[in-house]
Amino acid sequence: MLQVATIREHKDHIIERLAVRNFSDAKTIINQVLTIDEKRKATQTELDNILAESNKISKEIGFLFKSGEQQKATILKEKTGQLKEQSKQLNEQLSNVQNELNNLLYQIPNIPNKLVPAGTTEEDNEEVFKEGNIPKLHDGAIPHWEIAKKYDIIDFELGTKITGAGFPVYKGKGAKLQRALINYFLDKNTDVGYQEVQVPYLVNEASGFGTGQLPDKEGQMYHVTGDNLYLIPTAEVPVTNLYRNVLLKESDFPILHTAYTPCFRREAGSYGAHVRGLNRLHQFDKVEIVRIEHPNNSYEALDRMVDHVKEILRELKLPYRILRLCGGDLGFTSALTYDFEVFSTAQDRWLEVSSVSNFETFQANRLKLRFKNADGKSELAHTLNGSSLALPRVLAGILENYQTENGIKIPEVLQKYTGFDIID
RNA sequence: GGAGAAAUGGCAGAGUGGUCGAAUGCACUAGUCUUGAAAACUAGCGAGGGUCACACCUCCGGGGGUUCGAAUCCCUCUUUCUCCGCCA
């Protein structure tokens, strides 16, 4: 959520940048926000004046009672009745205006960074980096869902029986390989200073609001209605909300966390040809990295996160590329996002395995995540996060790219975690 | 799940209807003293709105109510603690 003060000061710039997202209503909404905020201020001032007078009279009544002048007090009491009625009305007005203002603010996405290219679909994303060799597979190479079946390491039908489509069961070396990946990712992250945390997989409404999933995207999350809780779609939600309503010191920066969690996504409406196997699931595992940064450092931090994910993919020897998301593909809350995609050789397509974003103050404003700056003033911090990494597609990439006629080889860096070097 | 107690500033902890955004202690910040530090002393020290700056307004777990006036009384929700029940 943008701050009204920011909107007021940088109105033209914001309208111009929002055009990159094809957010055509920008000008109208921004102008509405400013008008309504003026109304808010006026109403607030009017209410404050009435409350001030009412407070003054109440105090006087107190003194009069003490000195035994009951009659004078009674006269004053009558006067407060009117004021009370007025303040009640104004209060209602104020909360209406405030709701109106908030409803507008909720509709405005984050301002894209100047690096974000214009564009409408994923075709317009900008490839900024590419590395690794696409292996030449032997004749008869197969996609990962067939590999999974052939070696009996992932059972999709069994998951369907227990829950439904999109909830696979990992078995034997498949399960072990998954666990190896989780441990490997966590170790890589903690090695460079991310503190590991284990967090709840269910979150309340306030948390969903803080990171921007609510109120608009509740359809993407599983809702436990009995207790009004949501299953997390990503560790970003609980981990970032660790810092909801927090006032930091400048010396607290940077804050770095990593967390392994399962992720639950309804993926409503995204069925189709490209969702086979591990490509798109309702439940999957992910290791996330989250940073809370001083505004001056957040873009350097973003670059460091990108470098970190690069190193992991390099170590796994998977061919990958990095995309800078265009305005049309950029998430609602993000100012700049880099997607990492691994090449899935048997499917002949790129699979997204990580998404690294800077949200600047967009989430912090909702979270009330601030720090005391050098002038002693409260200022919003910047939040960032990235996958490091999402498991299923990395797994798919390994199974497909490492397949040989004799079985699936295990990437060298993982062998000390798996305890085996081939699935056969 | 049942019964009882509690929730106040970074922490501890006063405050049970009026001048209380709130005593006191610790922590913290600045100054005096000191070669420096400690100690001692002095001053400052919650957040949000509003203002050029003041004034002023709001906030004592959340929400609602009583009252001219609520941290204080009432209702409700949440959380914590104790006891009982259940249980990985």
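Quick note: the first sequence, position 37, residue 201 per the numbering used here, numbers continuous.
Quick reminder that beta carbons are idealized off the backbone N, C-alpha and C, glycines included.
Three-state class that DSSP yields for residue i in the structure shown
i      : result
Tyr484 : strand
Phe187 : coil
Ser415 : helix
Phe331 : coil
Arg430 : coil
Phe227 : helix
Gly561 : helix
Glu569 : coil
Ile214 : helix
Gly251 : Reading the sequence as shown, one finds Ser at residue 251 and not Gly. The answer is helix: DSSP assigns Ser251 an H, G or I state.
Leu350 : helix
Tyr270 : helix
Ser518 : strand
Tyr581 : helix
Glu233 : coil
Asp303 : coil
Val454 : strand
Ala282 : coil
Gly245 : helix
Tyr315 : coil
Asn549 : strand
Ser508 : strand
Pick from the options that is closest to residue i, judged by C-alpha positions
i      : options                        : result
Gly561 : Met385, Leu341, Asn277, Gln246 : Leu341
Lys223 : Leu211, Asp212, Leu240         : Leu240
Arg534 : Asn260, Ile456, Thr497, Ile318 : Ile456
His472 : Leu500, Ala499, Ser519         : Ser519
Thr327 : His446, Asn277, Leu211, Glu382 : His446
Asp351 : Phe428, Lys580, Ile587, Asp585 : Lys580
Gln262 : Ser552, Glu369, Thr582, Arg204 : Arg204
Val363 : Ala399, Glu382, Ile171, Gln246 : Ala399
Asn266 : Ala237, Gly495, Ser218, Val168 : Val168
Asp449 : Thr425, Asp588, Val470         : Thr425
Leu548 : Phe417, Glu286, Lys536, Phe584 : Phe417
Thr285 : Asp493, Leu559, Asn570         : Asp493
Arg513 : Ala216, Gly330, Tyr484, Gln527 : Tyr484
Pro379 : Tyr394, Lys532, Arg172, Tyr365 : Tyr394
His387 : Phe428, Gly376, Tyr358         : Phe428
Tyr365 : Val403, Glu295, Gly330         : Val403
Leu198 : Lys230, Lys175, Val184         : Lys175
Gly338 : Lys313, Lys243, Glu264         : Lys313
Ala510 : Lys300, Asn522, Asn347         : Lys300
Length of the line joining the Cα atoms of residue i and residue j
i      : j      : result
Phe504 : Val451 : 14 Å
Val454 : Asn213 : 45 Å
Gln271 : Lys381 : 12 Å
Lys220 : Lys252 : 17 Å
Pro281 : Asn289 : 7 Å
Asn368 : Thr568 : 47 Å
Glu431 : Ile396 : 13 Å
Leu318 : Phe349 : Inspection of the sequence shows that residue 318 is occupied by Ile rather than by Leu. Near 21 Å, if we compare the C-alpha coordinates of Phe349 and Ile318.
Thr582 : Pro273 : 43 Å
Ile178 : Phe373 : 23 Å
Gln235 : Ala206 : 36 Å
Glu310 : Glu516 : 20 Å
Ile587 : Tyr566 : 10 Å
Pro112 : Asn409 : As displayed, the chain neither begins before 165 nor continues past 588, which places residue 112 out of reach and without an answer.
Glu321 : Tyr334 : 11 Å
Gly458 : Glu524 : The displayed chain sequence assigns His, not Gly, to residue 458. Taking the straight line from one Cα to the other gives about 9 Å.
Glu479 : Ala344 : 14 Å
Thr278 : Lys191 : Looking at the sequence shown, residue 278 is not Thr but Lys. C-alpha separation (whole angstroms): 19 Å.
Gln257 : Gly550 : 42 Å
Ile225 : Gln250 : 20 Å
Ile193 : Lys573 : 55 Å
Lys248 : Leu215 : 8 Å
Cβ-based burial, residue i [other Cβ within 10 Å; buried from 16]
i      : result
Asp355 : exposed
His546 : buried
Asn443 : buried
Ser415 : exposed
Ile298 : exposed
Val401 : buried
Ala499 : buried
Asn186 : exposed
Leu487 : buried
His302 : exposed
Glu564 : buried
Cβ separation of residue i and residue j, assumed to be a contact under 8 Å, to the nearest whole Å
i      : j      : result
Arg557 : Val506 : 6 Å
Glu406 : Ser542 : Inspection of the sequence shows that residue 406 is occupied by Leu rather than by Glu. Actually they are not in contact, since the Cβ atoms of Leu406 and Ser542 sit about 19 Å apart, beyond 8 Å.
Thr422 : Glu464 : With 8 Å as the limit, Thr422 and Glu464 do not qualify as a contact, their Cβ atoms being about 19 Å apart.
Leu269 : Met165 : 5 Å
Residue i: CB within 8 Å of a non-hydrogen atom of the ligand GTP
i      : result
Ile486 : This structure does not include the ligand GTP; it has no bound ligands of any sort.
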